[in-house]
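One structure below.
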Amino acid sequence: MQHRSFGLAALTTEMVKSGDRILDLGPLSSGTTQAFLRLNCQCHIEDLVEYLSENQNCGDPLKALEEHLLPKPANLKFDVILCWDLLNFLDLDVIQHLIRLLQPHLKQGTILHTMRYTGRQQPHKPRRFRLLENFCFEYVDDPSYPEVASKGHSTVTLLKCMDRFSLFNSLMKREGMDQNVTEHFLEYESVTSRNQVRSGGASDVSAYFRNVREDERIAMPGVEKAMSCINTLTTSPTVLECGRKNGRNIDALKKKVGSLYVEDLHASMAWQKKLHGDESGFSASIFSMDPGARLDGVFLWDLLNFYSPQQIQQLGELLGARMTPGAALHFVVYKSAQIPERPATFEVLDDGQVAVTGIAAGKCSRSLSSTAELMRLLPGYRLHNHQIGRLPSGDSYQEFVLQYKP
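Residues in the sequence shown are numbered from 8 upward in steps of one, following the working numbering.
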């Protein structure tokens, strides 16, 4: 079985620079060390597979970890830590102790990359990753690797024992990836707002592996109109994109603006619905971006089709409180009474077109009765542009660009 690592590709093509110091917690046999050495990086190996092999029945695994780790110069600070899949097989107290032992060699901005198993069938031992090409790895069932059950740590549980590391990007279910693996990037003492998109993030390398099919591309003139409106406000606009956080290349949109924030509103509302029921409303807490950020543009894509009139009104008010006068609000409304049962995935491309994927075949009834009703729910906005289009699935839609009028 093979796994294409978007995360490791991002590290070597976008994030790591010459002279960086890399700590690899896996064995030397993975093959990535050569990729970093070609970048003139300093590479240090700590082989935690060997630690697992030698200490399966150890009475004091924390003490054994201390003895396993090699002594390091006091002034050594790592830029990147590679964990592979090894955190899946360590108890939480061991992970916490590992971070504590490494802490003298961490600095603000140290990046940690790890792979977390998410499927029901968890591996019964760490995998040996053999590098093929283009950061595609073959899983090798190495008989010398220890039989250690995966602990099934959740992302939240893992972060709780990672001290001052915070999650800034995750990658999953992309073309060529093992569908049961999620790759996480964590940053030590991050000063970047949690949902602000960084240059050199892992989404930058989506195009490195994936070619958008022609039948996924559509022209959306409203996007161009919205960007034109946004760019008249300032030379370095701040934009909020409300689509999925993962599985998309948002680098093309990032290049067109000054600051880009991504808030996965559909995922947030699904979580609120699970906690509070169908009538969950929007509140200011749903946004985790910098409270002081003033938005020059917002892309909602097709999300309004899946909200109640009350939720649309709440969202319009919350966004308006953060928008600059004249800021653009872009969204699409399906024309048919029967609409896809969940939001599609929209991805702005370098040539200005938009790739639309993940369109649900199942249908549901839309909550909006008319366009006039929608405009009444957004009294703080005026119509700037209106277009009509059709998705690759054949679903017809109306494309709106509104401007905020305080």
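Ideal placement from N, C-alpha and C gives every residue a C-beta, glycine not left out.
Contact between Val340 and Thr364 does not hold, since their C-beta atoms are separated by about 20 Å, which reaches or exceeds 8 Å. If you ignore the 5 residues before and after Arg28, its C-beta comes within less than 6 Å of the C-beta of Gln49, Phe85, Asp86, all in its own chain and listed in chain order. Counted as a single uninterrupted DSSP element, the beta strand (DSSP E) harbouring Pro347 occupies residues 345–347.
By the neighbour-count criterion, in which a residue is buried when 16 or more other Cβ atoms sit within 10 angstroms of its Cβ, Ser12 is buried.
Within its own chain, the residues whose Cβ lies closer than 6 Å to the Cβ of Gln320, once the five positions on either side in sequence are excluded, are Leu384, listed in chain order.
When only Cα atoms are considered, Leu310 and Gly250 end up about 8 Å apart. Put simply, the backbone Cα of Ile118 is about 15 Å away from that of Leu178. DSSP places Val264 outside both helix and strand once states are collapsed to three, so it counts as coil. Taking 8 Å as the upper bound for CB-CB distance, Met227 and Glu406 are in contact here, some 6 Å apart. In this structure, the alpha-carbon of Gln103 lies about 29 Å from that of Ser275. The Cβ-Cβ distance between Asn312 and Ile257 does not fall below 7 Å. Of the other Cβ atoms in all chains shown, fewer than 16 fall within 10 Å of the Cβ of Gln128; this residue is therefore exposed. Residue state for Val219 is assigned as coil, using DSSP reduced to three classes.
In its chain, beyond the 5 residues on either side, Gly14, Met122, Leu178 have a beta carbon closer than 6 Å to the beta carbon of Glu190.
Contact annotation: Tyr388 and Leu336 have beta-carbon atoms nearer than 7 Å. Contact between the segment 256–271 and the segment 293–307 is established, with three or more Cβ pairs separated by less than 8 Å. Taking a contact as a CB-CB distance under 8 Å, the pair His112 and Leu83 counts as one, their CB atoms being some 5 Å apart.
Sorting Leu32, Asn95, Asp357, Ala362 by C-alpha distance to the C-alpha of Asn187 places Asn95 at the top. For Ser235, the secondary structure class from DSSP, reduced to helix, strand or coil, is helix.
Taking 7 Å as the cut-off, the Cβ atoms of Val269 and Glu248 count as close.
Non-local beta-carbon contacts of Glu57 in its own chain, meaning distances under 6 Å to residues more than five positions away in sequence, are absent.
Note that the C-beta distance between Leu356 and Ala259 is below 7 Å. Here the alpha carbons of Phe192 and Lys70 stand approximately 28 Å from one another. Comparing C-alpha distances from Glu380 to each of Gln317, Val23, Ile88, Asp67 shows the shortest one belongs to Gln317.
Between Pro34 and Trp278, the alpha-carbon positions lie close to 39 Å from each other. Going by beta carbons, Pro130 and Ser151 fall outside the 7 Å limit. Per DSSP, Gln410 is one residue of the beta strand (DSSP E) stretching across 403–411.
When the Cα atoms are used, Arg220 and Pro399 turn out to be separated by approximately 11 Å. Counting only the Cα atoms, Lys24 lies some 8 Å from Asn47. Note on Asn64: under 16 other CB atoms within 10 angstroms of its CB, so exposed under the neighbour-count rule.
Closest option to Asn392, judged by alpha-carbon separation, among Tyr411, Ser376, Asp402: Tyr411.
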